[in-house]
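Asks: This structure is in structure tokens; I'll ask about it shortly.
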Amino acid sequence: MSGYFHKLLRRVFRKKAKPRRRQQPRPAIQSRPIPHLPLPVLTAEDGIFEKLAASGTKYGLFHRLPLEIRRIILAEAFGYRTIHIDLAFDHPLVRRPSLTAPTSSSPDDARHCDLGSRLVPDTCQPRRWQWFGCVCHRRAEWTAAERERNWWNLGRTIGLHDDECIKGTVCWCNTGAEQGTGSDSCFIGIMGWLLSCRSACAEGLEALFSTSTFHISSLDLLLHLPKLIYPRFLRQITSLELLWGDHERFLDQHPLAQELWNPSAAEHEEDKILRKLCRGISEACPNVQKLHVCIQFWVVPSGDEHPEQDRLPYFQRNVLGPIEDMLRGLGPRDEFNVTIPGGVWLMLFHDEYALRGHELLCELDTPVTGRFQKSLRGSGSSDDELSYWICSGWNDKLWLMPSHYSEYDRFWGRPPA
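According to the numbering used here, the sequence shown is numbered sequentially starting from 448.
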């Protein structure tokens, strides 16, 4: 009897059971506005962070140390390195289990932060705004083997334009003994400390922002810095690297490139993206001492709207002009660097050398790469000591065919060699 009822129940529930449907990926949502801070923007008058730093009721034994010693310890633990901060609208990153992630049999297959191998985008989830941060492992120079293999890199120096940590394609994570091993060295490891208590969070963030170099390449983040990062922390930044462009080549579709060669893109000069970037940096980070700006977009227009003899002055006026205004507003600092595409840099270097001769202060990596110093005199006596370095960036001239080299020179109003 029990066997009969058992078969009957199985037959009834089997009829009622619904067939399992294959799970479909969620539809991607449309792009939405930048996710501004969920809390009201804190001003200097709020005094919240000062109260947190002064309060040591739940700070434990560490708070018994003098404030100066605590700052030194926190700076050694979390600061004195270059940190990437990125904000992108994409599928959320998820970490694969170690058993399912592909193993790299060669050091050349290693990826920075395990991006693309263990840390991959989940395409089943809709695109959304996502923060990402990591430690920069860009070295100072190429090795002899790398220069021989990468013949298109003419110099020894690894420039800001060569940095691909955010993409994860170039991995230098295990090249230095001080950097540690594995992907753990790619991250700061500060979250545990920040979540321990409010006072630890306040002092930890102060040490992080005041002693680190921040590398930012996200255009959306740069245009909304004060609304995405608390102004108090931005004012503590002393070293900044800005990549204005993208990590691809032939970027004629980048907003900065379109705006450069299409004057009608913005009705007013102050509404241009480049002007907004320069104005935003000088207002948000007034205490920066070392600033490096890298122009990483295709500066050669596709049409013939601009006469040859006017194109280089046009570039100087509309690209270097806003940057120089920003540098003048900041005033004398430790060091200013501006990296521009190599072909344009070579033309400017020839002009400066023809004008100043051996008085030109320059540091050449090769005969066609390096940097030279440009003075900002001419707008007042306060600019007499103000200058900045113009550095050679990615070799845009090399991406043209050899037969087009003379056409490139002719484009900038130079007779072919």
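Beta carbons: idealized from backbone N, C-alpha and C, even for Gly.
Quick caveat, the model's predicted, so the values are computed rather than measured.
1. Using 10 angstroms around the beta-carbon of residue 692, count the other beta-carbons present and answer buried if the total reaches 16, otherwise exposed.
2. Rounded to whole angstroms, what's the CA-CA distance from residue 609 to residue 690? Just pull it up for me.
3. DSSP three-state call for residue 837: helix, strand or coil?
4. For residue 737, which of helix, strand or coil comes out of DSSP?
5. Ignore the nearest five residues each way along the sequence and tell me which others in residue 471's own chain have a CB closer than 6 Å to its CB.
6. What number of angstroms, rounded off, separates the C-alpha of residue 777 from the C-alpha of residue 564?
7. Could you tell me whether the Cβ atoms of residue 840 and residue 760 are closer together than 8 Å?
8. So residue 725 and residue 786 are in contact, right, with Cβ under 8 Å, and what is the actual spacing, rounded?
9. With three or more beta-carbon pairs closer than 8 Å as the criterion, would you say the segment 762-782 touches the segment 716-736?
10. Can you name, in chain order, every residue of its own chain whose Cβ lies under 7 Å from the Cβ of residue 795, other than the five neighbours on each side?
11. Let me know if residue 634 comes out buried or exposed under the rule of 16 or more other beta-carbons within 10 Å of its beta-carbon.
12. From which residue to which residue does the beta strand (DSSP E) around residue 581 run?
13. Taking the beta carbon of residue 683 as the centre, do at least 16 other beta carbons fall within 10 Å, making it buried, or is it exposed?
14. I think residue 685 touches residue 735, with their Cβ atoms under 8 Å apart; what is that distance to the nearest whole Å?
15. From the DSSP output, read off the bridge partner residues of residue 742.
16. Taking 6 Å as the limit between beta carbons, can you name the residues of its chain near residue 615, skipping five residues before and five after?
17. Please say whether residue 583 and residue 529 have beta carbons closer to each other than 8 Å?
18. Quick check on this structure: which residue in 667, 607 and 784 has the alpha carbon closest to the alpha carbon of residue 701?
19. Distance check for residue 531 and residue 612, CA to CA, integer angstroms please.
20. Return the Cβ separation of residue 817 and residue 823 in integer angstroms, given the expectation that the two are a contact with Cβ distance under 8 Å.
21. Which same chain residues end up closer than 8 Å to residue 746 when comparing Cβ atoms and leaving out the 5 residues on each side of it in sequence?
22. Helix, strand or coil for residue 770 per DSSP?
23. Using a Cβ-Cβ distance under 8 Å, would residue 512 count as near chain D?
24. Would residue 654 pass as a contact of residue 768 if the rule is Cβ separation under 8 Å?
25. Could you work out which residue in 688, 592, 819 and 544 is closest to residue 663 when comparing CA atoms only?
Replies: The relevant details are as follows:
1. By one-based count along the sequence shown, residue 692 stands at place 245. Counting other Cβ atoms within 10 Å of its Cβ, residue 692 reaches 16 or more and is therefore classed as buried.
2. Reading the sequence shown from its first residue, position 162 is the one you call residue 609. Reading the sequence shown from its first residue, position 243 is the one you call residue 690. When rounded, the separation of the alpha-carbon atoms in residue 609 and residue 690 is 10 Å.
3. The sequence position of residue 837 within the sequence shown is 390, counting from 1. Residue 837 falls in the strand class under three-state DSSP.
4. To locate residue 737, count along the sequence shown from 1; it is residue 290. Of the three classes helix, strand and coil, the one that applies to residue 737 here is strand, per DSSP.
5. Walking along the sequence shown from the start, residue 471 turns up at place 24. A caution first: residue 471 carries a pLDDT of 43, below 50, which makes its placement in the model too unreliable to give a value.
6. In the sequence shown, residue 777 corresponds to position 330, counting from 1. In the sequence shown, residue 564 corresponds to position 117, counting from 1. Between residue 777 and residue 564, the C-alpha separation is close to 42 Å.
7. For the purposes of this step, residue 840 is identified with residue 393 of the sequence shown, where counting begins at 1. For the purposes of this step, residue 760 is identified with residue 313 of the sequence shown, where counting begins at 1. For residue 840 and residue 760, no; Cβs fall outside 8 Å.
8. Locating residue 725 in the sequence shown gives position 278, counting from the first residue. Locating residue 786 in the sequence shown gives position 339, counting from the first residue. Wrong, their Cβ atoms sit about 15 Å apart, outside the cutoff.
9. With the rule of 3 Cβ pairs closer than 8 Å, the segment 762-782 counts as touching the segment 716-736.
10. To locate residue 795, count along the sequence shown from 1; it is residue 348. Setting aside the 5 residues that flank it on each side, residue 795 is surrounded in the same chain by 837, each with a C-beta closer than 7 Å to its C-beta; the list follows chain order.
11. Counting from one through the sequence shown, the residue named residue 634 turns up at place 187. Per the 10 Å Cβ criterion, exposed.
12. Locating residue 581 in the sequence shown gives position 134, counting from the first residue. Where residue 581 is concerned, the enclosing beta strand (DSSP E) stretches over 575-582.
13. Here residue 683 refers to the residue found at position 236 when the sequence shown is read from its first residue. Under this definition residue 683 is a buried residue.
14. Taking the sequence shown and counting its residues from 1, the one referred to as residue 685 is at position 238. Taking the sequence shown and counting its residues from 1, the one referred to as residue 735 is at position 288. The beta-carbon separation of residue 685 and residue 735, rounded to 6 Å, stays under the 8 Å limit for a contact.
15. The residue you call residue 742 lines up with position 295 of the sequence shown. Paired residues: 691.
16. Counted from its first residue, the sequence shown places residue 615 at position 168. Counting only Cβ-Cβ distances below 6 Å, and skipping sequence neighbours, we find 558, 559, 560, 562 and 563.
17. Here residue 529 corresponds to residue number 82 of the sequence shown, with the count starting at 1. Here residue 583 corresponds to residue number 136 of the sequence shown, with the count starting at 1. Their beta carbons are under 8 Å apart, which means residue 529 touches residue 583 by this criterion.
18. On the sequence shown, residue 701 is found 254 positions in, with the first residue counted as 1. Taking only the C-alpha atoms, the option nearest residue 701 is 667.
19. Here residue 612 refers to the residue found at position 165 when the sequence shown is read from its first residue. Here residue 531 refers to the residue found at position 84 when the sequence shown is read from its first residue. Roughly 8 Å between the two C-alpha positions.
20. For the purposes of this step, residue 817 is identified with residue 370 of the sequence shown, where counting begins at 1. For the purposes of this step, residue 823 is identified with residue 376 of the sequence shown, where counting begins at 1. Contact doesn't hold; Cβ gap of about 20 Å is too wide.
21. As a first step, residue 746 must be located in the sequence shown, where it is residue number 299. If you ignore the 5 residues before and after residue 746, its C-beta comes within less than 8 Å of the C-beta of 704, 707, 762, 766, 787, 788, 791 and 843, all in its own chain and listed in chain order.
22. For the purposes of this step, residue 770 is taken as residue 323 along the sequence shown, with counting starting at 1. In the structure shown, residue 770 sits in a helix (DSSP, three-state: H, G or I).
23. Note that chain D does not occur in the displayed structure, where there is just one protein chain.
24. Translated into positions along the sequence shown, residue 654 becomes position 207. Translated into positions along the sequence shown, residue 768 becomes position 321. It is not a contact, given that the beta carbons lie outside the stated cut-off.
25. Numbered from its first residue, the sequence shown carries residue 663 at position 216. Comparing alpha carbon positions, the residue from 688, 592, 819 and 544 closest to residue 663 is 688.
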